[in-house]
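Those letters in the sequence shown? Residues 3 to 147, by our numbering. Following: one structure in structure tokens, then a few remarks.
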Amino acid sequence: MDDELPYIDEHVVRVDAPRERVWAALQRYTTSLLRSGERNPLFVLLGPQPRAGFAVTERIEQRRISLSGRHRFSRYRLVFELTDGPGGATLVHAHSYGAFPGIHGRVYRALVIGTRLHVVATTHMLRGIRADTVTGPGPDQPGRQ
Numbered sequence: 003m004d005d006e007l008p009y010i011d012e013h014v015v016r017v018d019a020p021r022e023r024v025w026a027a028l029q030r031y032t033t034s035l036l037r038s039g040e041r042n043p044l045f046v047l048l049g050p051q052p053r054a055g056f057a058v059t060e061r062i063e064q065r066r067i068s069l070s071g072r073h074r075f076s077r078y079r080l081v082f083e084l085t086d087g088p089g090g091a092t093l094v095h096a097h098s099y100g101a102f103p104g105i106h107g108r109v110y111r112a113l114v115i116g117t118r119l120h121v122v123a124t125t126h127m128l129r130g131i132r133a134d135t136v137t138g139p140g141p142d143q144p145g146r147q
């Protein structure tokens with residue numbers, strides 16, 4: 003994926019758990035995200051590559067997972083980074099990058115970025131990772147004790 007995508011924004015959530023637990027939750031979340039994207043009916047319109055909308059393009063154990071993709075109206079990258087927070091907490095950062103070429107790309111950017119839908123979606127992702135860190139995987143997910 004193009005490493006020169008323009009920066010969009012960063013969102014951060016504090017998780018009161020050690021990095022190992024947060025990393026496990028982040029991996030489960032990204033795996034789930036990749037699976038659920040394949041069933042999203044909106045993707046028929048967008049025509050994403052890969053089909054799930056994202057592919058893992060970088061994984062640095064307990065530090066970073068980068069997801070990249072493209073569709074008819076944009077090229078994008080979402081980078082989750084883990085850093086140490088105060089009091090043994092872990093901070094989960096979500097860095098977003100994207101290019102929106104042409105008139106259709108500009109309209110798409112206005113719909114997704116301009117309306118703050120992107121902020122809502124990214125915040126939802128971060129909260130999901132935090133919740134999974136606290137509750138752990140469900141009974142049918144790997145890693146359940």
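Ideal placement from N, C-alpha and C gives every residue a C-beta, glycine not left out. Please read all numbers here as calculations on a predicted model, not as lab measurements.
Per DSSP, reduced to three states, the secondary structure at Leu80 is strand.
In chain order, Phe102 place their CB closer than 8 Å to the CB of Arg108, counting only its own chain and leaving out the 5 sequence neighbours on each side. Excluding five sequence positions before and after Tyr78, the CB atoms of its chain that fall closer than 8 Å to its own CB belong to Leu7, Ser70, Gly71, Arg72, Ser98, Tyr99, Gly100, Ala101, given in chain order. Under the 10 Å beta carbon count, Ser68 is surrounded by 16 or more other beta carbons and is classified as buried. Taking C-beta atoms as the reference points, Thr124 and Val24 fail to come closer than 8 Å. In the three-state reduction of the DSSP assignment, Ala96 falls in the strand class, which pools E and B. Residues of the same chain with a CB within less than 7 Å of the CB of Tyr9, apart from the 5 flanking positions on each side, are Tyr99 in chain order. Bounds of the beta strand (DSSP E) holding Asp11 are 9 to 17. Closest option to Ala57, judged by alpha-carbon separation, among Val46, Leu44, Leu47, Thr33: Thr33.
Going by C-alpha positions, Gly89 is about 12 Å away from Arg21. In the DSSP assignment, Val136 falls within the unbroken alpha helix (DSSP H) covering 119 to 137. Shown here for Arg16: same chain residues with a beta carbon closer than 7 Å to its own, the five before and five after excluded, namely Gly87, Ala91, Leu93 in chain order. In this structure, the CA atom of Met127 is about 9 Å from the CA atom of Ala96.
Here Glu60 carries a strand assignment [DSSP, helix/strand/coil]. Sequence-distant partners of Glu83 (beyond 5 residues in either direction) whose C-beta falls short of 6 Å from its own C-beta, in its chain, are Arg66, His95.
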